[in-house]
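In full-length UniProt numbering, the protein residues as written are 1 to 1258.
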């Protein structure tokens, strides 16, 4: 934990990883402190620029990184007076003042040019001053970086240039910071000072100079000393000192010929001249000839280069021990610090400090301020008044992070125990300011995750608020509005804050309150008024005001009449005749083609869009009349026609071929998995070969197997490979059709369904007596037979502990009964028969060659398919498909236990380890698993809670421990997680001899962090994760105790084994009923009672009241248990909230509506490329307009999730592609229709109602 924000600590604070928020401001002292610790050399490794990026958000509860990387140089800037324009202590800057403070770091030798420009900038002509009440100090905002000198190859030792400006409205000050790397790099310095290289030069000098050579090699300090002297002579040239002979003894042994490039880079010039004494040629070096000193504000020139080099050489010489500097020719003047000049130029030399500040020693002892000071752009010695000023500026320039700034000010006030800051914090809080924790709690109050706010719209948040109003008491309404106000203030949303204040003053606010937009007609206004007031009668007054505002803005007499009389003009009920007339239908006696009727409706709406409501109403009345009088299919009676989507950019639906809605969902899901789809479509080379070399014959000549091929722990027979490859080919035909079909839906082959549903190596044969099949009835003229529980299967059994692979058992979802959820209500069955009957929709057009049906064969095939579906659990289909794909394909290698390694294993199978502790002995068993099986637990809860139950510590009830040993336990973790995680939900429960469905809601998150279930992560070792798990287990044990007590308070007819009744009764209800019974007995006239043997009936007048008191207490206890359980769930989940290194994105949700004996399946799939959810409902594929359909539970007859699919976040675009379409339009010509000879017809193969080879198939 960090220390109080009122103090400093020695060393480094640790912060969160950098936030991606916009760059915020910083005061002059903060800018200077960041400048003193900014090191361009290590910027890339640090991951952020200390000067230009906002400081990381501080969170004391999170693991974090150091505020300042330890590698960074803590600069000691020294003045370069020749290059500076320094501020005059006795003068204020004028309207044309520019300061330049040129410095270099004594430690790392980087150079700094700090320019402060006070020149007027239009209306900005009044700089901030310490004497100003409003703007006593500069508050700088980063503008831009000059990247022209950046190295494209990532070299960090290049110049940097940054620009800042003061945020005060009238302050013209601009600051330009220029940082330049040292003039001498490390390699050059090594050449000049390395003793080994100096000795080589001395030896070379002795060979060249002979007796003239010096007797001793040069010292390390000599090269620095001589070069510094030469540069000084070049800056102040003197007669006779402009050249250096190469054979100069000291020069030759010190520089030789391997330092030529260093000399040339400084401006030295090499020449060959005649020696006047001996008439021989000699090599010489001429000193640089820099220009004379000019204006420091001019551009850099050679003089600047030489001056910088001298300062670096001086600094290097001073670092040499004094004992080694004896005899040095150069007079060394210690450079002077430039910090005072920098502070004066930035206007922060004498800023107002808190009492007993130690700011003068800050840069020397490496103390760092609390991160909240950095958040406000300040340093720790600021006075309270300056802190308030800095907070105001930060909030003004960065409203989006105002909650964080308020939090920083709040905590600093507490840390300093400052009454001034404390009072101002209270004032700000009364004005609506809140901190991040309050905002996070506000989002949680509405069931939202604060981390997802960037993708939550204002309208969605308001929708959550309005939905919550319907479920809470009047006393909590004000609480809800307060939470919404906090969110509105944090988001700076006037729309949300207006909603929170319940104020409607404008036309836009009225429409928003009514959940309408500008384009919707008056009829919708009345509809929403009625809906709102019926849902919440207390809102009638504000609803009336909203309608009134709309009426006034639109000048609508209809709405005004509604407000006065409660009805709109022309609002009388539309009769059937009027409905037909509106749609231009003149004959009501005959059945209509409702597809044609949809076209007519769309035409009427497009011609008269203002009457859309009226036409839709007429359409619904006509559909209802057609259904009642002509038995047309219910598909057209539920509302307006289905929405049309472009064929080339929208997925196709899969038609239901007889109780296959779950299979359709599986096929749609598999199509979106790009590697699997490509494998099926394109990789014939991956099909398993059946040759003499690969086939291993058994002694009995039967059940030949493929050598070395094991799938699902079983050797794979050649027969299964052949059937699996048939399935792959059928799946390929379907996938090709889904890509190229010029229609909104395609029809899967019956053979594909049979292969997908088949088990135990064979395609199920038709039953010997088709007539004896148990049917669930008919819907739409088609027989209904959903997958039922396997005979004798325990649908709520515990996973076997001796074989972890049993967890893949999928008898866990619900039985499938093919009832289209969008087209009709779920058909409830009685004794196996549906209560509704309807006929199938007539085909819209005949096939090109009308086939002569063969009723017996077709009926047998359909019955066989449905028989297979009836005997198989729904979720098991996906596992069958995985087995078929693995059997059909060649393996890429062999896993443990001989299991085949292939793409299916890589994509879907994880390594799961079960750890069991029995009689003090710990064993670990690891197995492959393609899904996780969870239970809702008969109560609404988040997905994490359900997963925790499966992975957490549990007692092995079927094992008896040895005496003195603890109960046997087990838990699980994931050794290696697959990129695609499938989670199946166990929905069936057994009780009182009946199978029932657990319709509890599993709360889903868009991102699932798998860290808590892994063996270890990059940031946490196995031991650290285990420690957290054990903490979770302790809390889960408390939760189980509460659940047990809750069960005692709930008397259920099923638990009482009253299987012939659906009575549900709590213990409190039972006690209340007993009180009523006793009271009724006491009120009975005593004369009507018969005394037996003279004994009077006992009379206990207080007993009913005592029973009612007990009943109330039990009810309170039950409610308190619910709250405690909910709180424990949240606490358990919070243990791992900081572990987010392994994110998985939600991709698909398999849904079911119905009961344990029947219902309808569909699937929601997220399109990552187009960022939309779609609902795949058999032949329909529609965009999900309200994601609450996926993430929230419906109030009545809720649909439930049965399967959930998550994809590893970094692979979502690589592994998924929801849309792949290339519709091929068939060429149609005129064909003369004629009867076909029956003999000829018998030889024609018909596929999906299309003659094979006609050009219309794939």
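Built from N, CA and C at the ideal position, the CB exists for glycine as well.
Residue environment, residue i, which counts as buried when at least 16 other CB atoms sit within 10 Å
{"i": "residue 68", "result": "buried"}
{"i": "residue 1023", "result": "exposed"}
{"i": "residue 314", "result": "buried"}
{"i": "residue 136", "result": "buried"}
{"i": "residue 261", "result": "exposed"}
{"i": "residue 1109", "result": "exposed"}
{"i": "residue 1029", "result": "buried"}
{"i": "residue 1136", "result": "buried"}
{"i": "residue 78", "result": "buried"}
{"i": "residue 479", "result": "exposed"}
{"i": "residue 270", "result": "exposed"}
{"i": "residue 614", "result": "buried"}
{"i": "residue 1180", "result": "buried"}
When the options are compared against residue i, the one with the closest alpha-carbon
{"i": "residue 582", "options": "705, 557, 303 and 621", "result": "621"}
{"i": "residue 1186", "options": "195, 463 and 1024", "result": "463"}
{"i": "residue 499", "options": "526, 461, 1072 and 969", "result": "461"}
{"i": "residue 1261", "options": "353, 165 and 1040", "result": "Since the first residue shown for the chain is 1 and the last is 1258, residue 1261 is missing from the structure and cannot be characterised."}
{"i": "residue 511", "options": "476, 553 and 484", "result": "553"}
{"i": "residue 378", "options": "296, 163, 496 and 138", "result": "138"}
{"i": "residue 1197", "options": "1017, 1001 and 1041", "result": "1001"}
{"i": "residue 1072", "options": "1104, 732, 1044 and 107", "result": "1104"}
{"i": "residue 324", "options": "1125, 98 and 218", "result": "218"}
{"i": "residue 1017", "options": "1142, 988 and 934", "result": "1142"}
{"i": "residue 650", "options": "661, 668 and 656", "result": "668"}
{"i": "residue 86", "options": "60, 290 and 114", "result": "114"}
{"i": "residue 968", "options": "919, 230, 191 and 748", "result": "919"}
{"i": "residue 101", "options": "1076, 84 and 91", "result": "84"}
{"i": "residue 944", "options": "1021, 1025, 528 and 1129", "result": "1129"}
{"i": "residue 120", "options": "29, 96 and 546", "result": "96"}
{"i": "residue 1215", "options": "1067, 1183, 1144 and 1152", "result": "1144"}
Span separating the alpha-carbon of residue i from that of residue j
{"i": "residue 956", "j": "residue 947", "result": "18 Å"}
{"i": "residue 543", "j": "residue 1131", "result": "40 Å"}
{"i": "residue 163", "j": "residue 395", "result": "21 Å"}
{"i": "residue 349", "j": "residue 76", "result": "17 Å"}
{"i": "residue 852", "j": "residue 906", "result": "The predicted position of residue 852 is uncertain, since its pLDDT is 37 and thus under 50; a value taken from the coordinates is nonetheless stated next. Answer to the nearest angstrom: the Cα atoms are 47 Å apart."}
{"i": "residue 328", "j": "residue 144", "result": "46 Å"}
{"i": "residue 340", "j": "residue 209", "result": "52 Å"}
{"i": "residue 571", "j": "residue 485", "result": "Any answer about residue 571 is weak, because its pLDDT of 48 lies below 50 and its placement is not dependable; what the coordinates show is given next. Computed Cα separation, rounded: 39 Å."}
{"i": "residue 165", "j": "residue 133", "result": "20 Å"}
{"i": "residue 1161", "j": "residue 550", "result": "42 Å"}
{"i": "residue 1206", "j": "residue 1037", "result": "29 Å"}
{"i": "residue 959", "j": "residue 1008", "result": "34 Å"}
Neighbourhood of residue i by C-beta, 7 Å cutoff - its chain only, sequence neighbours within 5 removed
{"i": "residue 721", "result": "688, 690, 706, 887 and 888"}
{"i": "residue 517", "result": "511"}
{"i": "residue 82", "result": "293 and 307"}
{"i": "residue 123", "result": "170"}
{"i": "residue 686", "result": "679, 889 and 890"}
{"i": "residue 424", "result": "388"}
Proximity test, residue i beta-carbon vs the ligand ATP heavy atom, cut-off 6 Å
{"i": "residue 1001", "result": "Only the bare structure without any ligand can be found here, which leaves the ligand ATP out of the picture."}
Nonlocal neighbours in the same chain, by C-beta distance under 6 Å from residue i, ignoring five residues either side
{"i": "residue 199", "result": "217"}
{"i": "residue 514", "result": "528 and 546"}
{"i": "residue 1068", "result": "1111, 1114 and 1115"}
Item to check | Sequence ranges, alpha helix (DSSP H) only - wholly within the region 209-292, length at least 4 | outcome: Counting only runs of at least 4 residues, the region 209-292 fully encloses the following alpha helix (DSSP H) elements, listed from N- to C-terminal order: 220-235, 249-255 and 260-265.
Checklist entry - At what residue ranges does the region 898-983 contain a whole run of the alpha helix (DSSP H), taking only runs of 4 or more? => result Entirely contained in the region 898-983, the alpha helix (DSSP H) runs reaching 4 residues are, in chain order, 903-908 and 943-951.
Checklist entry - For the region 1096-1166, which segments carrying the beta strand (DSSP E) assignment without a break, of at least 3 residues, lie completely within its bounds, in sequence order? => result Counting only runs of 3 or more, we get 1143-1154.
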